[in-house]
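Encoded as structure tokens, the structure appears first; notes follow it.
There are 2 protein chains.
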Amino acid sequence: MKGAQVSQSTIPSDKTDKALSAGRLITPVSQNRLLNHLLAADPDYLLPQVRVVKLGFNDIIYEYGDTIHEVFFPLDSIVSSLAIMEDGTTIEISMLGKESVIGLSALLGGGTARHWTRMCIGGSLARLSTAALDHTFTSNESALKHLMHAYSSLVTQVSQRAVCNARHTVLERLACWLLMIHDRVGGDNLRLTQEAIASRLGARRAGITVAAGMLQSIRAIEYRRGQLHIRDRDELERAVCECYAIMKADFDGPKR
Amino acid sequence: MKGAQVSQSTIPSDKTDKALSAGRLITPVSQNRLLNHLLAADPDYLLPQVRVVKLGFNDIIYEYGDTIHEVFFPLDSIVSSLAIMEDGTTIEISMLGKESVIGLSALLGGGTARHWTRMCIGGSLARLSTAALDHTFTSNESALKHLMHAYSSLVTQVSQRAVCNARHTVLERLACWLLMIHDRVGGDNLRLTQEAIASRLGARRAGITVAAGMLQSIRAIEYRRGQLHIRDRDELERAVCECYAIMKADFDGPKR
DNA sequence: CTCGGTCGGTACGAGAGCGAACAGTCCTAA
DNA sequence: TTAGGACTGTTCGCTCTCGTACCGACCGAG
């Protein structure tokens, strides 16, 4: 539960690289599907303003109530929105990766963060001022359309998780959650302790141990001290509840 | 679980009254806070297009996948968005009343309904074509701002319900749900069977009987064959979980 | 090499809620 | 008046998850 060394206003600039300063950085920025669409809509204005930042697990993007000055497009990373309960336990409300942007809900809502927002899977994010994003979508119909779709997609995910939390077991929710991560990052090896997973699923660490043990026994995953290896995706999909298919369809988008 | 006689495309016109045809109907239309804001922004264009319709419990607003041609502003009624699970059970994702509009998420998303949408508390709704709404918020900054706030407020509610479903008891969720209804309708007497409540909370009917029995024993409510009377709101607020305060603050809005 | 912290595995009793069933009450239509 | 349906109350055994605790394995710092 530590590792929260970096707050939104204090992300050290030495972690930031100008996207254009090295040609090879332009390619990773395009990993984010939404940013790609926005760049296509207004490249000359946006591209020079994009910065890339690297963050690790549980690093803080926004605290509750923060005024949002910048939004983040995950490239190979994943960001969680979390609720923190009165008893101190946490639970993930949404997980967003390369399909979306972090800070949109605050931006369209009222300018402040409605939830604690932390890294779930460490990696790179593209960073953009809200002013630049604001300028783009108020002046560009296509950009607004893509942003609204991303927002609507977030609503779908949160809705389905409300259902899933109410009705499905920890095992099903774990399988669902792992598949969602797998869809959003490139690679089968994840740095995730069981404590970290518990803080996202809103369950006990001991409960995750049991559920992860079941997934190991069917050879779906392998676990070793903070290193989770997704060994058999198909097996995971057999363990998952109906919620995954609904969120996956939304993640894939209307294209296919 | 019956009573679904009326679908979106077949709401009989004899249930519809032109808002302007009788002066006294203008007042009820103003019961919806959001519609009030929109009418203030563009009254000459919008007001002639508003119709009032009355619907009863479980009447259908949208089916899953419906193309949205009209949006609805609840006046003294409440509308539920529901997920229907594979086993046939249902669970409420959001409840909206006089503070918001039904169909906005579909409108901003992609034009089709993402969830089954049914009446929760019967009563009147103001009805408007999506074309009219679309015209208003694309041409009027203030209207767009109010709509975005309503959408953001919906996200807050759904998020908190995801938390609540995961961590709180049926008793807490029932108290929370009843208070939310009480905030949205005028009056202490509700027509709600325990079966109806169960279909919203995603619990068993027998579970609702037990929880409602507890609320009766502390004199918070009285129950009598489909008639629920909220007897002591303060007592309900003592039984509720932390989630209610969060959703209530959002319902009240930034004004106070 | 050793120590202290991190991490995963396991156990226990307790409680909430489930699915399924049945009984009793109330209302209404024939 | 009666029959049937709608609605509430209650029970049973069972599963899941909780909170809490303890242990052992692992790992990096000194």
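As they're listed, the protein sequences go chains P and A. Letter by letter, the first sequence follows residues 1 to 256 in our numbering. Letter by letter, the second sequence follows residues 1 to 256 in our numbering. Quick reminder that beta carbons are idealized off the backbone N, C-alpha and C, glycines included.
Inspect the beta-carbon positions of residue i and residue j and report whether they are closer than 7 Å.
i: Leu228 of chain A; j: Leu201 of chain A; result: no
i: Ala143 of chain A; j: Leu38 of chain A; result: yes
i: Leu125 of chain P; j: Val71 of chain P; result: no
i: Thr117 of chain A; j: Ile61 of chain A; result: yes
i: Ser270 of chain P; j: Ile93 of chain P; result: Because chain P here runs from 1 to 256, residue 270 of chain P falls outside it and cannot be looked at.
i: Arg33 of chain A; j: Glu86 of chain A; result: no
i: Met214 of chain P; j: Leu108 of chain A; result: no
i: Leu35 of chain A; j: Phe73 of chain A; result: yes
i: Asn140 of chain P; j: Ala249 of chain P; result: no
i: Tyr223 of chain A; j: Ala239 of chain A; result: no
i: Val29 of chain A; j: Val50 of chain A; result: yes
i: Met119 of chain A; j: Leu55 of chain A; result: yes
i: Val170 of chain P; j: Gly207 of chain P; result: yes
i: Ser199 of chain P; j: Val158 of chain A; result: no
i: Arg204 of chain A; j: Gln194 of chain A; result: no
Could you tell me which chain P residues have their CB closer than 7 Å to the CB of residue i, listed as they occur along the chain?
i: Ser105 of chain A; result: Ser152 and Val155
i: Arg114 of chain A; result: Thr156
Does the beta-carbon of residue i have 16 or more other beta-carbons within 10 angstroms, so that it is buried, or is it exposed?
i: His69 of chain P; result: exposed
i: Thr112 of chain P; result: exposed
i: Tyr244 of chain A; result: buried
i: Ala106 of chain A; result: buried
i: Gly123 of chain A; result: buried
i: Ala83 of chain P; result: buried
i: Ile230 of chain P; result: buried
i: Tyr64 of chain P; result: exposed
i: Asn58 of chain A; result: buried
i: Thr156 of chain P; result: buried
i: Ala166 of chain A; result: buried
i: Ala131 of chain P; result: exposed
i: Val67 of chain A; result: The amino acid occupying residue 67 of chain A in the given sequence is Thr; Val does not appear at that position. Exposed.
i: Arg97 of chain P; result: Looking at the sequence provided, one finds Gly at residue 97 of chain P rather than Arg. By the 10 Å Cβ count, Gly97 of chain P comes out buried.
i: Lys18 of chain A; result: Below a pLDDT of 50, predicted positions are generally treated as unreliable, and Lys18 of chain A, at 41, falls in that range; the measurement from the model is reported next regardless. By the neighbour-count rule (16 or more Cβ atoms within 10 Å), Lys18 of chain A is not buried but exposed.
i: Arg24 of chain P; result: Unreliable placement is indicated for Arg24 of chain P, whose pLDDT of 45 sits below 50; no coordinate value is reported for it.
i: Arg219 of chain A; result: exposed
i: Pro254 of chain P; result: exposed
Run down chain P in chain order and give the residues with a C-beta less than 8 Å from the C-beta of residue i.
i: Glu242 of chain A; result: Met85 and Glu86
i: His149 of chain A; result: Gly109 and Gly110
i: Ala166 of chain A; result: Ile91, Asn165, Ala166 and Gly202
Give the single residue among the options whose Cα lies nearest to the Cα of residue i.
i: Glu242 of chain P; options: A:Gly207, A:Tyr151, A:Ile102 and A:Gly88; result: A:Gly88
i: Ile221 of chain A; options: A:Lys248, A:Ser199, A:Gly186 and A:Leu174; result: A:Leu174
i: Asp232 of chain P; options: P:Arg225, P:Gly226 and P:Ser217; result: P:Ser217
i: Asn189 of chain A; options: A:Ile121, A:Pro48, A:Leu75 and A:Thr90; result: A:Ile121
i: Val101 of chain P; options: P:Pro48, P:Arg184 and P:Arg167; result: P:Arg184
i: Gln31 of chain A; options: A:Leu236, A:Leu55 and A:Leu75; result: A:Leu75
i: His146 of chain A; options: P:Ser153, P:Leu154 and P:Gly110; result: P:Gly110
i: Phe137 of chain P; options: P:Gly253, P:Thr209 and P:Leu104; result: P:Leu104
i: Ala150 of chain P; options: P:Asp44, P:Pro43 and P:Asp252; result: P:Asp252
i: Cys176 of chain A; options: A:Val53, A:Gly187 and A:Glu237; result: A:Glu237
i: Ile246 of chain P; options: A:Pro48, A:Asp44, A:His115 and A:Leu133; result: A:His115
i: Glu172 of chain P; options: P:Asp44, P:Thr90 and P:Val210; result: P:Val210
i: Leu179 of chain A; options: A:Asp234, A:Ser153 and A:Thr90; result: A:Asp234
i: Asp44 of chain P; options: P:Gly187, P:His135, P:Ser153 and P:His182; result: P:His135
i: Cys164 of chain A; options: A:Leu133, A:Ile91, A:Ser152 and A:Gly186; result: A:Ile91
Using a cut-off of 8 Å between C-beta atoms, extract the partners of residue i located in chain A.
i: Ile93 of chain P; result: Ser159, Ala162 and Val163
Taking Cβ-Cβ distances shorter than 7 Å, what residues in chain A pair up with residue i?
i: Leu34 of chain P; result: None at all; the shortest Cβ gap to chain A is about 15 Å.
What do you reckon, is the C-beta of residue i under 6 Å from a heavy atom of the ligand GTP?
i: Gln216 of chain P; result: Within the structure as shown, the ligand GTP is missing, as the structure has no ligands at all.
Practice item. Quick one: which unbroken beta strand (DSSP E) runs of 3-plus residues sit fully inside the region 176–223 of chain P? Chain order, please. Key: 189–191
Practice item. Could you tell me which uninterrupted alpha helix (DSSP H) segments, each at least 4 residues in length, are contained entirely in the region 107–177 of chain P, listed from first to last along the chain? Key: 130–139 and 141–167
Point to revise | alpha helix (DSSP H) runs contained entirely in the region 64–92 of chain P, provided each spans 4 or more residues | key: none
Practice item. Starting from the N-terminal side, write out each stretch of the beta strand (DSSP E) that is 3 residues or longer and does not extend beyond the region 35–69 of chain P. Key: 51–55 and 60–62
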